[in-house]
Amino acid sequence: MSTAPPKLSGIKPKLSVLKHLNYRREALSLSRFFKKFELHHLQTGFYLPPSYVLWDSTRRCNLNCRHCGASKEHYDTELSTAQVQDFISQVASIGTSTFAVTGGEPLLRSDLIPILSHAHSLGLATGIASNGFLLNREKAFELKVAGVSSIQLSLDGDETTHNHIRRNDLSYQKVIQAIAHCREAGIPRLTISTVATDENIHILPALKDILLDNGIAHWKIIPLMPIGRAEKTQLLQSKSLLHKLLNFVADHRSELHISTGENLPYLGEYELLVREYPTFCPVGFSACCLGVDGRIRGCPEMPDTQDFCEGSILHQSFDEIWQKGFARYRQALLKKEDPQCKSCNLWSNCRGGCWVMRLAKAHCIKELLDE
Ligand code: SF4
Ligand code: SF4
């Protein structure tokens, strides 16, 4: 691992021609997707359906983590099993291919298995994101039988650090057991998700060894989002911390597949060192989120407020919401309204960054990296 984080201008990436070519090919295919999306709308008057939808299933949780982004809103009621299954039928009928469940803790929904089974029966790939505490052997096998294709478990450090962040002395032990149960049950894809903060950045090398020892091949490291209990964080304003994180990913991604999350959209000279393909915010183009109470918004990390609401499945069909909503994302409003982005030479690589990070003015990677 690098001892000192280099400045952006100090990086001299040694990348193979093949890596550059692959990245260019991916960038080209992404730009074709945006063109196709626009053209389809011009020709037919309709937008192509999202390829994946997320369901923010509940705001209940069995843990009380320090950095949780889901603590903001409170709901008296949640969608019923029938309402969620009807939503799934609607998205399957328009061509969506993936349904993923987040929260809160999805395993606290007693109807999670029938809901996932319904999605699977309609041909959708399904996934859940869980803290792993309740994922015992029996549940892992139930999820496998329900056809779940991927499970993402949260692990934020070694035993001491993870238990401190999760405020529970058993949480580390439980998630390590959950990994073993998922592997035994044969869940096709298992990913560990880590929220990077100043509390655990120094633990990443030790955590990598723990993941390798437990047979993990996919690791997603997400910089803390400025929402929920983490609203006041200054994580991404800490340039040295961001450099440390990106250097760590660059140094270790040959050992297991490490991704950084699309809330870091364009990473300047780090880009090809830490990922194989360009990443944009998918909201309104290929993704959206069903909220706890039936309102549709861009992604689970967006505050579930009226400002971010595109409509509700309690009053409209999903397709109507998808076709009539999401204008701000599709019209690249930021390019026109944000003077900084308007004159930025990275616009075509970045497109304004993450909408949630923007809420804390932590979206402009150019500003954050270029010290
Ligand atoms: S100014 Fe806008 S387009 Fe340029 S890097 Fe920053 S967020 Fe992205
Ligand atoms: S707003 Fe940010 S967190 Fe949400 S989908 Fe877009 S990039 Fe990801």
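Those letters in the sequence shown? Residues 3 to 373, per our numbering, in order. Ideal Cβ positions, reconstructed from N, Cα and C, are used throughout, including at glycine. Just so we're clear, the structure is a prediction, and the values are computed from it rather than from any experiment.
Inset, instruction - Alpha carbon to alpha carbon, how far is residue 272 from residue 13? Give it in angstroms, no decimals. - result: Residue numbering aside, residue 13 sits at position 11 when the sequence shown is read from its first letter. Residue numbering aside, residue 272 sits at position 270 when the sequence shown is read from its first letter. In this predicted model, residue 13 has a pLDDT of only 48, less than 50, meaning its place in the structure is not dependable; the value taken from the coordinates is given anyway. If I take the Cα positions, the gap works out to 8 Å.
Inset, instruction - Report yes if the CB atom of residue 152 is closer than 9 Å to the CB atom of residue 192, and no otherwise. - result: Locating residue 152 in the sequence shown gives position 150, where the first residue counts as 1. Locating residue 192 in the sequence shown gives position 190, where the first residue counts as 1. In contact: residue 152 and residue 192 (Cβ atoms closer than 9 Å).
Inset, instruction - Enumerate in chain order the residues of its own chain whose CB-to-CB distance from residue 332 is below 6 Å, with the five nearest sequence positions on each side excluded. - result: Walking along the sequence shown from the start, residue 332 turns up at place 330. Closer than 6 Å at the Cβ level, and outside the excluded window around residue 332, lie 286.
Inset, instruction - Please list, in chain order, all residues of the same chain as residue 315 whose beta carbon is under 6 Å from its beta carbon, the five residues on each side excluded. - result: The residue labelled residue 315 in the question sits at position 313 within the sequence shown. Cβ within range, chain order: 89 and 296.
Legend entry - Where residue 6 falls: helix, strand or coil (DSSP): For the purposes of this step, residue 6 is identified with residue 4 of the sequence shown, where counting begins at 1. Confidence in residue 6 is poor, its pLDDT being 38 and thus under 50, which makes the residue's placement unreliable; the coordinate value appears in the next sentence. Reduced to three states, the DSSP call for residue 6 is coil.
Inset, instruction - Output the distance between the C-alpha atoms of residue 119 and residue 148, rounded to the nearest integer angstrom. - result: Translated into the one-based positions of the sequence shown, residue 119 becomes position 117. Translated into the one-based positions of the sequence shown, residue 148 becomes position 146. Whole-angstrom Cα-Cα distance: 5 Å.
Legend entry - Spatial neighbours of residue 307 in its chain, beta-carbon cut-off 6 Å, leaving aside the 5 residues before and after: Position 305 of the sequence shown, counted from the first residue, corresponds to residue 307. So the list is empty, once near-sequence residues are dropped.
Inset, instruction - Using only the heavy atoms of ligand 2, determine whether one of them is closer than 8 Å to the beta carbon of residue 55. - result: Here residue 55 refers to the residue found at position 53 of the sequence shown. For ligand 2, not one heavy atom lies less than 8 Å from the Cβ of residue 55.
Inset, instruction - State the CB to CB distance for the pair residue 324 and residue 49, rounded to an integer number of angstroms; the pair is presumed to be in contact (CB under 8 Å). - result: What you label residue 324 is simply residue 322 of the sequence shown in a count that begins at 1. What you label residue 49 is simply residue 47 of the sequence shown in a count that begins at 1. Contact flag correct, Cβ pair sits at about 6 Å.
Inset, instruction - Taking 9 Å as the cut-off, decide whether the C-beta atoms of residue 205 and residue 160 are in contact. - result: Your numbering for residue 205 matches position 203 in the sequence shown. Your numbering for residue 160 matches position 158 in the sequence shown. Yes, they are a contact pair.
Legend entry - Whole-angstrom distance between residue 312 and residue 64, CA atom to CA atom: The residue given as residue 64 occupies position 62 in the sequence shown. The residue given as residue 312 occupies position 310 in the sequence shown. Computed Cα separation, rounded: 30 Å.
Legend entry - Cβ-based neighbour list, residue 180, same chain, cut-off 7 Å, excluding 5 preceding and 5 following: Reading the sequence shown from its first residue, position 178 is the one you call residue 180. Closer than 7 Å at the Cβ level, and outside the excluded window around residue 180, lie 134, 137 and 155.
Legend entry - CB of residue 376 within 9 Å of CB of residue 103, strictly: Coverage of the chain is limited to positions 3 through 373, which leaves residue 376 absent and any answer about it impossible.
Inset, instruction - Kindly indicate which three-state DSSP category residue 362 falls into: helix, strand or coil? - result: Taking the sequence shown and counting its residues from 1, one reaches residue 362 at position 360. Looking at residue 362 - three-state DSSP - the assignment turns out to be coil, as it is neither helix nor strand.
Inset, instruction - Take the Cβ of residue 373 as the centre, count every other Cβ of all protein chains shown within 10 Å, and call the residue buried at 16 or more, exposed below. - result: Counting from one through the sequence shown, the residue named residue 373 turns up at place 371. Bear in mind that a pLDDT of 48 at residue 373, under 50, signals an unreliable position, so the number given afterwards is only what the model happens to contain. Residue 373 comes out exposed.
Legend entry - Integer Cβ distance of residue 195 from residue 224, believed to fall under 8 Å: Taking the sequence shown and counting its residues from 1, one reaches residue 195 at position 193. Taking the sequence shown and counting its residues from 1, one reaches residue 224 at position 222. Between residue 224 and residue 195 the Cβ distance is about 6 Å, and since that is below 8 Å, they are a contact.
Legend entry - Boundaries (first-last residue) of the alpha helix (DSSP H) holding residue 245: Here residue 245 refers to the residue found at position 243 when the sequence shown is read from its first residue. First-last of the alpha helix (DSSP H) with residue 245: 241 to 254.
Inset, instruction - Tell me whether residue 368 counts as near ligand 1, meaning its Cβ is closer than 8 Å to at least one heavy atom of that ligand. - result: Stepping through the sequence shown from its first residue, residue 368 is reached at position 366. Yes, the beta carbon of residue 368 sits closer than 8 Å to at least one heavy atom of ligand 1.
Inset, instruction - Starting from the Cα of residue 358, find the closest Cα among 186, 326, 263 and 346 and give me that residue. - result: Here residue 358 refers to the residue found at position 356 of the sequence shown. Closest by alpha carbon: 263.
Legend entry - Exposed unless 16 or more other CB atoms sit within 10 angstroms - verdict on residue 162: Walking along the sequence shown from the start, residue 162 turns up at place 160. Residue 162 is exposed by the Cβ-count criterion.
Inset, instruction - Measure the alpha-carbon distance for residue 249 versus residue 222 and round it to whole angstroms. - result: The residue labelled residue 249 in the question sits at position 247 within the sequence shown. The residue labelled residue 222 in the question sits at position 220 within the sequence shown. Looking at the two C-alpha atoms, the distance is approximately 15 Å.
Inset, instruction - Pull up the distance between the alpha-carbon of residue 214 and that of residue 207, whole angstroms please. - result: What you label residue 214 is simply residue 212 of the sequence shown in a count that begins at 1. What you label residue 207 is simply residue 205 of the sequence shown in a count that begins at 1. Approximately 11 Å, taken between the alpha carbons.
Legend entry - For residue 212 and residue 356, the rounded distance between their alpha carbons: Walking along the sequence shown from the start, residue 356 turns up at place 354. Walking along the sequence shown from the start, residue 212 turns up at place 210. One C-alpha to the other measures close to 30 Å.
Inset, instruction - State buried or exposed for residue 242, treating a residue as buried only when at least 16 other CB atoms are found within 10 Å of its CB. - result: Locating residue 242 in the sequence shown gives position 240, where the first residue counts as 1. Per the 10 Å Cβ criterion, exposed.
Inset, instruction - Could you please go through the chain and list the residues whose beta-carbon is closer than 5 Å to any non-hydrogen atom of ligand 2? - result: 264, 265, 283, 285, 301, 303, 356, 357 and 358
Legend entry - Extent of the continuous alpha helix (DSSP H) run through residue 174: In the sequence shown, residue 174 corresponds to position 172, counting from 1. Residue 174 -> alpha helix (DSSP H) spans 173 to 187.
Legend entry - Environment of residue 125 [buried if 16+ CB atoms lie within 10 Å]: Stepping through the sequence shown from its first residue, residue 125 is reached at position 123. Exposed.
Legend entry - Cβ-Cβ distance between residue 381 and residue 363 below 9 Å: Because the chain in this structure spans residues 3 to 373, residue 381 falls outside the shown range and cannot be described.
Inset, instruction - Compute every distance between the C-beta of residue 353 and the non-hydrogen atoms of ligand 1, then say whether any falls below 8 Å. - result: Residue 353 sits at position 351 when you count from the first residue of the sequence shown. Flag set: Cβ of residue 353 near ligand 1.
Inset, instruction - Please confirm whether any heavy atom of ligand 1 lies closer than 8 Å to the CB of residue 221. - result: Indexing the sequence shown from 1 puts residue 221 at position 219. Answer for residue 221: no, Cβ out of range of ligand 1.
Inset, instruction - Please look up how many angstroms separate the CB atoms of residue 302 and residue 58, rounded, as I've assumed it's under 8 Å. - result: Residue 302 sits at position 300 when you count from the first residue of the sequence shown. Residue 58 sits at position 56 when you count from the first residue of the sequence shown. Yes, they are in contact, since the Cβ atoms of residue 302 and residue 58 sit about 5 Å apart, within 8 Å.
Inset, instruction - Would you mind stating whether residue 294 and residue 60 have Cβ atoms separated by less than 9 Å? - result: Counted from its first residue, the sequence shown places residue 294 at position 292. Counted from its first residue, the sequence shown places residue 60 at position 58. Yes, the pair counts as a contact, with Cβ atoms nearer than the cut-off.
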